[in-house]
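What follows is one structure encoded as structure tokens, with my remarks underneath.
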Amino acid sequence: MADTTSHETELTRAETAEFLRAIADELDAERERIRVAIGNKRVQLSPPERIATEATVTERSRRLRKDVEELELRFKWTPTKATAEAAADGGTAGNDGRSE
Numbered sequence: 526m527a528d529t530t531s532h533e534t535e536l537t538r539a540e541t542a543e544f545l546r547a548i549a550d551e552l553d554a555e556r557e558r559i560r561v562a563i564g565n566k567r568v569q570l571s572p573p574e575r576i577a578t579e580a581t582v583t584e585r586s587r588r589l590r591k592d593v594e595e596l597e598l599r600f601k602w603t604p605t606k607a608t609a610e611a612a613a614d615g616g617t618a619g620n621d622g623r624s625e
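Everything in the sequence shown is counted per the working numbering, starting at 526 for the first residue and increasing by one.
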């Protein structure tokens, strides 16, 4: 079963940088599990040391409407065995290991 948490909003450039910095700080921390804020929810993830990373830029020029630029960042991994087992055992303090 797949659980998906998503949230769309509009942020200032500074708020966007703060959001990305918060994720970077979590990845830099030397913990097996990280927490990422998605809207009003904090999702717990278990990234390994190496993460498949993809960045895509799309630029669209339109004659009748405004031009559009899009930057898509994708990070994909398989949780480490230890963290996957911890999530299967109930995670932490009644948490299912995926979100708070």
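Note that CB positions come from ideal geometry on N, CA and C, so glycine has one too.
Simplified DSSP state of residue i, which is helix, strand or coil
i      : result
Ile576 : coil
Leu536 : coil
Thr530 : coil
Lys606 : helix
Glu551 : helix
Arg585 : strand
Arg556 : coil
Arg567 : strand
Nearest residue (CA-CA) to residue i, options the options
i      : options                        : result
Ser571 : Arg588, Ser531, Leu552, Thr530 : Leu552
Glu557 : Ala547, Arg546, Glu574, Thr541 : Glu574
Ile548 : Thr603, Thr537, Leu598, Arg588 : Leu598
Bridge partner(s) assigned by DSSP for residue i
i      : result
Phe544 : None; Phe544 has no bridge partner.
Glu595 : Thr583
Beta-carbon spacing of residue i, residue j below 9 Å
i      : j      : result
Ile563 : Thr530 : yes
Thr583 : Glu595 : yes
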